[in-house]
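K.L.:
In the working numbering, the protein residues as written are 1 to 155.
#1: Output the distance between the C-alpha atoms of residue 64 and residue 128, rounded to the nearest integer angstrom.
#2: Where residue 89 and residue 114 are concerned, what is the direct C-alpha to C-alpha distance, given to the nearest angstrom?
#3: Whole angstroms is fine: what's the gap from residue 71's alpha carbon to residue 118's?
#4: My output table needs one value for residue 80: the three-state DSSP class, helix, strand or coil.
#5: My understanding is that residue 76 touches residue 12, with C-beta atoms under 8 Å, so please give their C-beta distance in whole angstroms.
#6: Taking residue 91 as the reference, give the member of 80, 66, 122, 26 with the closest Cα.
#7: Considering only the beta carbon of each residue, do residue 160 and residue 10 sit closer than 8 Å?
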């Protein structure tokens with residue numbers, strides 16, 4: 001199991017991040033109940049829920065970092081960096097700028113953020129897909145090395 005991750009807690013995985021899992025990991029589709037979170041967070045309306053024990057492989061841009069939050073501990077994550085998190089965690093979506101609202105967020109380069117509260121685990125990727133500037137091949141472009149790498153976690 002994942003260090004610090006409670007065995008009975010499911011993980012929610014963002015769209016496009018799931019690659020593979022052991023047959024002991026049950027994968028189901030879940031519709032986010034809070035429409036605002038799903039539309040603004042960049043995670044999409046549908047998430048994958050991984051439950052059970054075993055290995056789970058997720059694709060990410062760059063490297064995957066794990067943040068273990070204690071009860072009541074909070075962490076903000078840029079919505080484009082989110083890969084997976086403990087399903088029981090509370091989270092909301094808001095602007096990243098601390099002062100000045102929308103204009104401050106846009107001018108500082110900070111956009112929408114996902115705000116999590118522990119206990120639980122958050123997995124984030126070091127890069128956003130839209131900041132890689134064509135390093136991932138498209139059908140009309142010549143094939144080049146992709147920067148997509150995977151991370152394996154225990155559920």
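We put the CB at the ideal spot given by N, CA and C, even for glycine.
P.N.:
Looking at the atomic coordinates:
#1: By one-based count along the chain shown, residue 64 stands at place 64. By one-based count along the chain shown, residue 128 stands at place 128. Rounded to the nearest angstrom, the two C-alpha atoms are 12 Å apart.
#2: Position 89 of the chain shown holds residue 89. Position 114 of the chain shown holds residue 114. Taken atom to atom, the span from the alpha-carbon of residue 89 to that of residue 114 is near 12 Å.
#3: What you label residue 71 is simply residue 71 of the chain shown in a count that begins at 1. What you label residue 118 is simply residue 118 of the chain shown in a count that begins at 1. It is roughly 5 Å from the alpha-carbon of residue 71 to the alpha-carbon of residue 118.
#4: What you label residue 80 is simply residue 80 of the chain shown in a count that begins at 1. In this structure, residue 80 counts as helix in the three-state DSSP scheme.
#5: Position 76 of the chain shown, counted from the first residue, corresponds to residue 76. Position 12 of the chain shown, counted from the first residue, corresponds to residue 12. The pair is not a contact, with the Cβ atoms about 17 Å apart (cut-off 8 Å).
#6: Sequence index remark: in the chain shown, residue 91 carries index 91 (1-based). Measuring from the Cα of residue 91, the nearest candidate turns out to be 122.
#7: The structure shown does not extend to residue 160, since the chain spans only 1 to 155, so no value can be given for it.
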